[in-house]
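Presented below is the structure to which this report refers.
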Amino acid sequence: MYDEVLIPTDGSESAERAAQYATVLAAAYDSTVHVLSVVDERDYDGVEREGADAGKTAAEQQANEAVDAVAALVSRERAGGDRVTTRVTVGVPSEAILAYVDEAGIDLVVMGTHGRTGVERFLIGSVAERVVRHADVPVLTVRAADRLPSWEPIERLLVPTDGSEASFAALSHAFDIAARFDALVEGLAVVDERSKTSVYTVETALEEVVGGLEATAQNATEHLAGRAREHGVDVETSVVDGIPSRTICAHAETSGADLVVLASHGRTGLAHYLLGSVAERVVRNATVPVLTVPAPIRDE
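To convert, take the position in the sequence shown, counting from 1, and add 14; that gives the numbering used here.
What follows is the structure, encoded as structure tokens:
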């Protein structure tokens, strides 16, 4: 499933943490590993040429050191470590990463996330969030603070579902990882508590709406469990009330999940920037690594 794994790195702590996690997966899948570092050309906009050239040279040296460090890590920690390709390029980081995904036939991107916060993050977004939003392949994001110790096997996966076909796009990835690591899958459906007080009309009794939402959630987890058993994977399910992104993040921490696997199928355009997608909110706030699997996107 993951023959070609890409690790973008900027030398940061979260990028190093992602490289450690990528190495675990690459060993399990016998993957070829690609390590990429992008010198951000925008840092030199408006700088006089001599200063820009000097700055780029220094940045490229740092990028080469970051790439070499990750390549050495991969080679040291897995058999067949010679299957590592490295590149340093200049460009806009998210665009360069996405272009490399297409060029090299990448199956999985594993990257650190340490994006901006506050108004700046809202307007610009982090590199990881841009890659998650636009990549046609799964993206695993890892923060420096993620609590999974280096090299520890994956024992428990949390797989949120809302019963939609889009959410089911993540299931095959979750089940394959669980089978390789002999891990337990927990299917989680969140009944959005905001719908209980806002989604009904004069003609529709509130209890009917709530009952329908809970039935949909229950059906979603039952579908997930049935497919997990078909793959020979151990599974358990939960249906809880809450705000989806917050509840997923909290549940991942309290349940002891080592990895969250979910589909990315949020809003686009203005609605996206106003509300954000559940997947991106989970990527931003979860305390464990998150694997997002692309699914068809539609405007709402």
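Quick reminder that beta carbons are idealized off the backbone N, C-alpha and C, glycines included.
Q.
Taking the straight line between their C-alpha atoms, what separation do you get for residue 147 and residue 120?
A. Rounded to whole angstroms, residue 147 to residue 120 spans 16 Å at the Cα level.
(Q) Within a Cβ cutoff of 6 Å, which residues of the same chain sit near residue 249, ignoring the five residues on either side of it in sequence? (A) 199, 239 and 242
Q) Which word fits residue 144, buried or exposed, when buried means at least 16 other C-beta atoms lie within 10 angstroms of its C-beta? A) Buried, because 16 or more other Cβ atoms sit within 10 Å of the Cβ of residue 144.
Q. Assuming residue 8 and residue 27 make a contact with CB atoms under 8 Å, what is their CB distance in whole Å?
A. This structure gives no information on residue 8, because the portion of the chain shown stretches from 15 to 314.
Q. From which residue to which residue does the alpha helix (DSSP H) around residue 45 run?
A. Bounds of any alpha helix (DSSP H) do not take in residue 45, whose DSSP letter is neither H nor E.
Q. In chain order, what residues of the same chain lie with their CB nearer than 7 Å to the CB of residue 234, ignoring the 5 residues before and after it?
A. Taken in chain order, the residues that qualify are 175, 176, 177 and 203.
Q: Output the boundary residues of the alpha helix (DSSP H) element that contains residue 18.
A: Per DSSP, residue 18 belongs to no alpha helix (DSSP H); it is in the beta strand (DSSP E), 18 to 22.
Q: Rank 125, 230 and 23 by C-alpha distance to the C-alpha of residue 102 and give the top, closest one.
A: 23
Q | Residue nearest to residue 127 in terms of C-alpha spacing, selected from 307, 308, 300 and 309 | A | 300
Q. Going by other Cβ atoms of all chains shown within 10 Å of its Cβ, with 16 needed for buried, is residue 75 buried or exposed?
A. Residue 75 is exposed by the Cβ-count criterion.
**Q.** Residues near residue 48 by beta carbon distance below 8 Å, same chain, minus five either side
**A.** 18, 19, 20, 21, 98, 99, 100, 101, 114, 118 and 120
Q | Limits of the alpha helix (DSSP H) - the one that residue 302 falls within | A | Here residue 302 belongs to no alpha helix (DSSP H), and DSSP marks it neither H nor E.
Q.
Short of 6 Å in beta carbon distance, which residues of its chain neighbour residue 251, apart from the five on each side in sequence? Order them along the chain.
A. 201, 235 and 239
(Q) Please classify residue 31 as buried or exposed, where buried requires at least 16 other C-beta atoms within 10 Å of its C-beta. (A) buried
Q. Can you tell me whether DSSP reads residue 261 as helix, strand or coil?
A. helix
Q | Local conformation of residue 278 per DSSP, three classes | A | strand
**Q.** Among 39, 42, 77 and 197, nearest to residue 52 - alpha-carbon criterion
**A.** 77
Q. Do residue 150 and residue 308 come within 8 Å of each other at the CB atom, strictly closer than that value?
A. yes
Q. Quick one, are the C-beta atoms of residue 247 and residue 232 less than 8 Å apart?
A. no
(Q) Which same chain residues end up closer than 6 Å to residue 173 when comparing Cβ atoms and leaving out the 5 residues on each side of it in sequence? (A) 188, 199, 201 and 275
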